[in-house]
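Read left to right, the sequence shown gives residues 0 to 293 (numbering that gives the first Met the number 0). Ideal Cβ positions, reconstructed from N, Cα and C, are used throughout, including at glycine. Single-structure report; data block below.
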Amino acid sequence: MSKKMIILALWTAVVLGAVSLQASNPFIEKTEKKGTRGIVQNDFLKKIVIMQAKLNREVSKKIEYYKENKSYAAGGMAALLLFIYGLLHALGPGHGKTVISAWVVSSRKIYSKVILVSVLSALFHALTAVIIVSAVYFFLKGAVFADTAGVRSAMMLAAGILLFLIGIYMLAGLFYSEKKRRGAAEGILNRKKDINPVLLAFIIGLVPCPSTSVILIFAFGFGLVLEGYVFVLAFASGMAVTQLAIASGVWHLREKAESLASGRLGFVVERILPAGAGIILMAAGFFVILPYLY
0 MSKKMIILAL
10 WTAVVLGAVS
20 LQASNPFIEK
30 TEKKGTRGIV
40 QNDFLKKIVI
50 MQAKLNREVS
60 KKIEYYKENK
70 SYAAGGMAAL
80 LLFIYGLLHA
90 LGPGHGKTVI
100 SAWVVSSRKI
110 YSKVILVSVL
120 SALFHALTAV
130 IIVSAVYFFL
140 KGAVFADTAG
150 VRSAMMLAAG
160 ILLFLIGIYM
170 LAGLFYSEKK
180 RRGAAEGILN
190 RKKDINPVLL
200 AFIIGLVPCP
210 STSVILIFAF
220 GFGLVLEGYV
230 FVLAFASGMA
240 VTQLAIASGV
250 WHLREKAESL
260 ASGRLGFVVE
270 RILPAGAGII
280 LMAAGFFVIL
290 PYLY
């Protein structure tokens, strides 16, 4: 693979989600206006949506059958289908893929940290929904679920602010390290200046996953409390696998680019890509905060 192709692929992985940032950033799911069609929202995403709809119906049937017959085979099949559903669901817009990719590009974390962020972000994304839905359910004892829009809105705003600050932190760390090593021969960022992986995963997963809420509410509606948590775990595991696969691809491209980095290519890898990643994170945070400014 040529140096130019590596840089192109790496940069594409980082900015792919930024093309439609306003329409679907890592934290907000907005309803698309009629008559419009996003660049990314094409036949591929349509197929993903159709497949998810089919899986939805199958999962509903399996859960209902499990409730009526206490068939563990049906329950296991529902969990398996939800795992596949999670795999497909995470391929859609959002879920922090752009944020994680930007972090991978701008940091020098080892691969185990990439795994940690990918898995924890998916689990936190589901866990926040579990906490909210469970709290409401147990307080109301199965009555009509309260509107959690206010809680979700507050979490979105908090996530947007934190994301914007992370972008600033990355840029500031980059400029500081550049100033500090002006006379140095080696151009490696200080690892201590990187964002903590657990903190990043927490921020990405701060906003509750709507699909997780629906799955849990559906299970609770049948009185399947413990089973509902198992179903959510299967769904979140599917999301984690997809996010890990994408982050791993970006990480390997990053490592390959660094091994070939020299001259202008080295400048792109060491300066331009990390700076671009920080700007993308700031932009993502800004578009989350923007609706709250009016």
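Going by C-alpha to C-alpha distance, which of the options sits closest to residue i?
| i | options | result |
| --- | --- | --- |
| Leu90 | Lys255, Glu254, Phe163 and Ala239 | Ala239 |
| Gly284 | Ser210, Leu156, Val58 and Phe123 | Leu156 |
| Leu81 | Lys69, Lys96 and Ser59 | Ser59 |
| Ala282 | Phe163, Tyr84 and Ser100 | Phe163 |
| Val213 | Val231, Lys53 and Gly222 | Val231 |
| Ala251 | Ser111, Tyr228 and Ala235 | It should be noted that the sequence gives His, not Ala, for residue 251. The shortest C-alpha separation from His251 is found at Ser111. |
| Ile99 | Lys66, Ala128 and Ala121 | Ala121 |
| Pro207 | Phe286, Val132 and Lys69 | Val132 |
| Leu79 | Tyr291, Ile109, Gly237 and Ala52 | Gly237 |
| Ala246 | Glu67, Lys69, Asn68 and Pro196 | Pro196 |
Taking Cβ positions, are residue i and residue j nearer each other than 7 Å?
| i | j | result |
| --- | --- | --- |
| Val116 | Ala200 | yes |
| Val113 | Val103 | yes |
| Leu87 | Ile130 | no |
| Ala128 | Thr241 | no |
Could you compute how far the alpha carbon of residue i sits from the alpha carbon of residue j?
| i | j | result |
| --- | --- | --- |
| Lys45 | Arg56 | 17 Å |
| Gly166 | Ala101 | 10 Å |
| Tyr71 | Glu226 | 11 Å |
| Thr97 | Phe137 | 35 Å |
| Leu54 | Tyr84 | 7 Å |
| Leu205 | Gly74 | 29 Å |
| Glu254 | Tyr228 | 38 Å |
| Leu223 | Gly248 | 38 Å |
| Phe234 | Met50 | 15 Å |
| Pro209 | Leu170 | 32 Å |
| Ile194 | Ala77 | 37 Å |
| Ala134 | Ala125 | 14 Å |
| Ile160 | Ile288 | 7 Å |
| Ile109 | Ile279 | 22 Å |
| Leu198 | Phe123 | 11 Å |
| Lys191 | Ile203 | Only weak support exists for where Lys191 lies, its pLDDT of 40 falling under 50; the coordinates are left without a value. |
| Asn68 | Ala52 | 24 Å |
> Which residue spans inside the segment 188-243 form an unbroken alpha helix (DSSP H) run of at least 4?
Replying inline: Counting only runs of 4+ residues, the alpha helix (DSSP H) found wholly inside the segment 188-243 occupies 196-203 and 209-220, in chain order.
> Is the number of C-beta pairs between the segment 214-225 and the segment 58-72 that are closer than 8 Å three or more?
Replying inline: Yes, the segment 214-225 touches the segment 58-72.
> Whole alpha helix (DSSP H) runs in the segment 51-97 with 4 or more residues, listed along the chain?
Replying inline: Inside the segment 51-97, DSSP marks whole alpha helix (DSSP H) runs of 4 or more residues at positions 71-88, from first to last along the chain.
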